[in-house]
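Protein chains: 2
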Amino acid sequence: MSSQKEYLEQNKERFVEELFELLRIPSISADSAYKNDVLKTADAVAESLRKAGAENVEICETPGYPIVYADKIVDPSLPTVLVYGHYDVQPPDPLDLWTTEPFEPVIRKTEIHPDGAIFARGACDDKGQMFMHVKALEVMNQTGTLACNVKFMIEGEEEVGSENLGWFVSRNQEKLAADVILISDTGMIANDSPSITTGLRGLSYVEVKVTGPNRDLHSGLYGGAVANPINVLTNMIASLQDDNKHITIPGFYEDVQELSDAEREAMAKAPFNLDNYKKALDLSDVDGELGYSTMERASIRPTLDVNGIWGGYQGEGAKTVIPSWAKAKISMRLVPHQEPGKITELFQKHFEAIAPKSVKVEVTPHHGGLPYVSPTDDPGYRAASKAMEDSFGKTPVPVRSGGSIPIVALFEKELGLKSILMGFGLDSDAIHSPNEHYGLFNYYKGIETIPHFFKHFAALKSE
Amino acid sequence: MSSQKEYLEQNKERFVEELFELLRIPSISADSAYKNDVLKTADAVAESLRKAGAENVEICETPGYPIVYADKIVDPSLPTVLVYGHYDVQPPDPLDLWTTEPFEPVIRKTEIHPDGAIFARGACDDKGQMFMHVKALEVMNQTGTLACNVKFMIEGEEEVGSENLGWFVSRNQEKLAADVILISDTGMIANDSPSITTGLRGLSYVEVKVTGPNRDLHSGLYGGAVANPINVLTNMIASLQDDNKHITIPGFYEDVQELSDAEREAMAKAPFNLDNYKKALDLSDVDGELGYSTMERASIRPTLDVNGIWGGYQGEGAKTVIPSWAKAKISMRLVPHQEPGKITELFQKHFEAIAPKSVKVEVTPHHGGLPYVSPTDDPGYRAASKAMEDSFGKTPVPVRSGGSIPIVALFEKELGLKSILMGFGLDSDAIHSPNEHYGLFNYYKGIETIPHFFKHFAALKSE
Chain A
1 MSSQKEYLEQ NKERFVEELF ELLRIPSISA DSAYKNDVLK TADAVAESLR KAGAENVEIC
61 ETPGYPIVYA DKIVDPSLPT VLVYGHYDVQ PPDPLDLWTT EPFEPVIRKT EIHPDGAIFA
121 RGACDDKGQM FMHVKALEVM NQTGTLACNV KFMIEGEEEV GSENLGWFVS RNQEKLAADV
181 ILISDTGMIA NDSPSITTGL RGLSYVEVKV TGPNRDLHSG LYGGAVANPI NVLTNMIASL
241 QDDNKHITIP GFYEDVQELS DAEREAMAKA PFNLDNYKKA LDLSDVDGEL GYSTMERASI
301 RPTLDVNGIW GGYQGEGAKT VIPSWAKAKI SMRLVPHQEP GKITELFQKH FEAIAPKSVK
361 VEVTPHHGGL PYVSPTDDPG YRAASKAMED SFGKTPVPVR SGGSIPIVAL FEKELGLKSI
421 LMGFGLDSDA IHSPNEHYGL FNYYKGIETI PHFFKHFAAL KSE
Chain B
1 MSSQKEYLEQ NKERFVEELF ELLRIPSISA DSAYKNDVLK TADAVAESLR KAGAENVEIC
61 ETPGYPIVYA DKIVDPSLPT VLVYGHYDVQ PPDPLDLWTT EPFEPVIRKT EIHPDGAIFA
121 RGACDDKGQM FMHVKALEVM NQTGTLACNV KFMIEGEEEV GSENLGWFVS RNQEKLAADV
181 ILISDTGMIA NDSPSITTGL RGLSYVEVKV TGPNRDLHSG LYGGAVANPI NVLTNMIASL
241 QDDNKHITIP GFYEDVQELS DAEREAMAKA PFNLDNYKKA LDLSDVDGEL GYSTMERASI
301 RPTLDVNGIW GGYQGEGAKT VIPSWAKAKI SMRLVPHQEP GKITELFQKH FEAIAPKSVK
361 VEVTPHHGGL PYVSPTDDPG YRAASKAMED SFGKTPVPVR SGGSIPIVAL FEKELGLKSI
421 LMGFGLDSDA IHSPNEHYGL FNYYKGIETI PHFFKHFAAL KSE
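For the record, the sequence lines run as chains A and B.
Those letters in the first sequence? Residues 1 to 463, by full-length UniProt numbering.
Those letters in the second sequence? Residues 1 to 463, by full-length UniProt numbering.
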């Protein structure tokens, strides 16, 4: 057994305990009520990096939440790996659907995780995966096997669009200088079929408000004579997609990168079972854009989803009211080479254009993110591939993910660096959902794999 | 000055104070959290009837909230007027739009009410209008001018569909025996143009739930591949009306009573100013069924309004989620001779039929109510017309209202009695809305007019 594996074996219980401490802090960046908890989490991350052997640990202030920086330079002549992760989490609601408290981590066995999984908000996204890198550093440090230099950049605003990361990166290009960026904030196909994410969707997120009468009205006295903002909003949203689930916003598909048949065939080879997929979600049928497979709809095609809608009376019983307004949160996932700013503008222009004269419409852009595609032939990808081979005994397959990590495009632009998306989560981990969890197998496997990446990357760079 | 008018003048401040006490109790029948307050209000109404001179005051239990009964039989050979009203109120939300507390009544002057108006939930609908009858009884009693027998039936479930009133009425036909029913729970055109409501719309109210995946999903990993319950719900609701705002539910218009051109011409004569109407609601335009005027859309045509909608993330910031479900409360106003039970069935059948295979749909009927048309040539209507002539110095015009008082149809069926809808509210009173209010002028005018009705009704019946 290698010294690294031995060290991991001897300390695995403690590694879980330390992660639990991090998971207990509700670092919800979307809700300002949790500001102190987010800040507390930054401190905890910094402290854990110090303990793991990092040097120059700093909590770097930004106009928003701070970014935790740390590094360990073993030899300036060696290549440098910049690790990115985030310490903030999604809001936990709906709370009533959690089996156990979102911020009181527990271990439960599941069908997919017979060795047990850690249930807590952020267990997988991204505290659990980020913390693997902290523990991997400890392993390499304690076993004297750190094969190249390492830098950490852990932010606290990923779940709200990394609004100040660009500000920070552009001001610290020298500090962040590296040869590759390594990120574990994605998933793999299954515990017995490792994969590396080579593509991500971008994001455009807007909030819309439709206002009708200047006050709530009695639906008997005014019903039929005054436009109902909820009815109008449902009409407007419905009109944004046609019967083939094609998005009707003029110019929306203009820049969409169409995949070649060869690429689509390659995608179709990835293991996927539609019946299991439907069964896992308790769906009698899937639904999506005509002419594309479920895998394609979820990765290489843009989307338009209403993430939230509200207006009028939502309480017990029946209230006969025409509300003064109705609101919705709408997000569009983007694919290469759609540009979030442009899509948001197209949406806003179109949404305002289709509004009937009987209402007022407001469109408020939230955050956006660029889509991304990574190469599969550079030292970074090859090192990740070999590292997973070492730990899984299998060559990982490259896959496109439907999720968004807006900042990988930003890193490329600001730092001229490619990001390697070596994630260890599973789609079934329920990130952004109640009962989010992360397999102990995956957590340990990550801590085992990361040092292999460092070893192979150093070697490949010195070739 | 008549003895009645004199008594009113001498006691008007107290009459307002006593109403304030009733308005301070939050008798919200739709929300079970206010159960004790609703019951407390029943007691207060009973006590006020006793003080006003009523006999046989009873709080009659029902499977739901109790009904307050009282009577004063001056002479069995005289005709009897049965007064109906309700002591429950609508929920006050949205609370943040109230200028003063909904259950702390205050008097403020407004453009339409230069003498001042009482601001409070229930000020007009219906505590204020119901209490006019209690005070009118006191006036007639104290001045020895009660011209015929009177019975009171004040319920506590009107705002939730009077679910147990039918149960009560069918069991107490003898107790409730009368010659006419008098109700003040409607409005008039303006303080200088009195009117009497001769028609009401019916109501069918349903709650719908669209369920997609068995849990909230990450909109990046699943977006585009799984039907989003909110998108589906907006599509389904939008499809319930065509571009001409015609309702698309098969059979919906089957029983709709079409008015003759003559009737429509008569309606068009009622004073109405579209610009003022739009200005009062801050609307750049009205919207409704093609081929009908605003007045017609709001009274003689059926409607379909979403009274509330909710699903997904409604908090601060952005959450990229595909929710597991979305819900809406939908009400349809009905016109003679549409039948609520039948319409609810048609809705449910259609809504389930148009649901895509990718979701599950539940339709839960709330309450319903039959539409109603009252005659204008019987003693009841003529007595009301003469009574308003006496107090306003103007003959009131008959108008159709868009609102619903489901129980007037029930009274006709169970008691064989017509209801006279002599209301003193105004459309601008904001009933069911924040800042509901009721003009002092209207409150006093009602107390002045009701005894005239008794006098004229007794006379007309003895002709």
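Glycine included, each C-beta is placed from N, C-alpha and C at the ideal position.
These numbers come from a predicted model, not from an experiment.
- Boundaries of the alpha helix (DSSP H) around A:R14: 3-23.
- Close to chain B, meaning a Cβ-Cβ distance shorter than 9 angstroms, are the following residues of the stretch 92-110 of chain A: D93, P94, L97.
- Contact between the stretch 111-123 of chain B and the stretch 404-420 of chain B is absent, with fewer than three C-beta pairs closer than 8 angstroms.
- In this structure, the alpha-carbon of B:D125 lies about 14 angstroms from that of B:G446.
- Here B:S184 is actually not in contact with B:H246; their C-beta atoms are around 35 angstroms apart, not less than 8 angstroms.
- Taking 8 angstroms as the threshold, the shortest C-beta distance from A:Y438 to chain B does not fall below it.
- Residue pairing of A:E207 in beta bridges, as defined by DSSP: A:K329, A:T364.
- Close to chain B, meaning a Cβ-Cβ distance shorter than 7 angstroms, are the following residues of the stretch 354-379 of chain A: P356, K357, S358, H366, H367.
- A:T198: member of the beta strand (DSSP E) spanning 195-200, first to last residue.
- With a beta-carbon spacing of about 34 angstroms, B:D88 and B:S2 fall beyond the 8 angstroms limit used to define contacts.
- The beta carbon of A:D88 does not come within 8 angstroms of any beta carbon belonging to chain B, so the residue lies off that interface.
- Residue environment for B:S462: exposed (fewer than 16 other C-beta atoms within 10 angstroms of its C-beta).
- When the five nearest sequence neighbours on each side are left out, the beta carbons in the same chain lying within less than 6 angstroms of the beta carbon of A:Y372 are those of L200, V408, A409, in order along the chain.
- Taken through DSSP and simplified to helix, strand or coil, A:E412 comes out as helix.
- When DSSP states are grouped into helix, strand and coil, B:I181 belongs to the strand group.
- Contact annotation: B:H367 and B:G161 have beta-carbon atoms nearer than 8 angstroms.
- Beyond the five residues adjoining it in sequence on each side, A:P365 comes within less than 6 angstroms, by CB distance, of V206, T344 in the same chain, given in chain order.
- Between A:E362 and A:V208, the gap from beta carbon to beta carbon is short of 8 angstroms.
- Counting the other CB atoms within 10 Å of its CB gives A:E436 a total of 16 or more, which places it among the buried residues.
- In the structure shown, A:D305 falls within a strand segment according to DSSP collapsed to helix, strand and coil.
- Identification of chain B residues near A:I25 by a Cβ-Cβ cut-off of 7 angstroms yields none; the smallest Cβ-Cβ distance measures about 18 angstroms.
- Residue B:E155 holds the alpha-carbon nearest to the alpha-carbon of B:V68 among B:E155, B:E6, B:F20, B:M140.
- Within the same chain, and ignoring the five residues on either side of B:V359 in sequence, the residues whose Cβ sits closer than 7 angstroms to its Cβ are V210, T211, G212, A227, P229, V232.
- B:V180 is a Cβ neighbour of B:V81, given a cutoff of 8 angstroms.
- Distance from B:L22 to B:K127 at the Cβ level is roughly 5 angstroms; contact confirmed, criterion being Cβ atoms closer than 8 angstroms.
- If you look at B:G439, you'll find it in the beta strand (DSSP E) that goes 437-439.
- In this structure, B:F347 sits near B:I249, with a CB-CB distance shorter than 8 angstroms.
- Rounded to the nearest angstrom, the gap between the Cα atoms of B:K319 and B:S331 is 30 angstroms.
- Setting aside the 5 residues that flank it on each side, B:A268 is surrounded in the same chain by S293, M295, each with a C-beta closer than 8 angstroms to its C-beta; the list follows chain order.
- The Cβ of B:T449 sits no closer than 8 angstroms to any Cβ of chain A.
- According to DSSP, residue pairing for B:H86 in a beta bridge involves B:E155.
- By the Cβ-count criterion, B:Q10 is exposed, with fewer than 16 other Cβ atoms from all chains shown falling within 10 Å of its own Cβ.
- Between the alpha carbons of A:P102 and A:D96 lies a distance of about 10 angstroms.
- Under the three-state reduction of DSSP, B:T62 is assigned to coil, being neither helix nor strand.
- For A:F119, there is no enclosing alpha helix (DSSP H); the residue is part of the beta strand (DSSP E) that begins and ends at 117-119.
- Under the three-state reduction of DSSP, A:N231 is assigned to helix.
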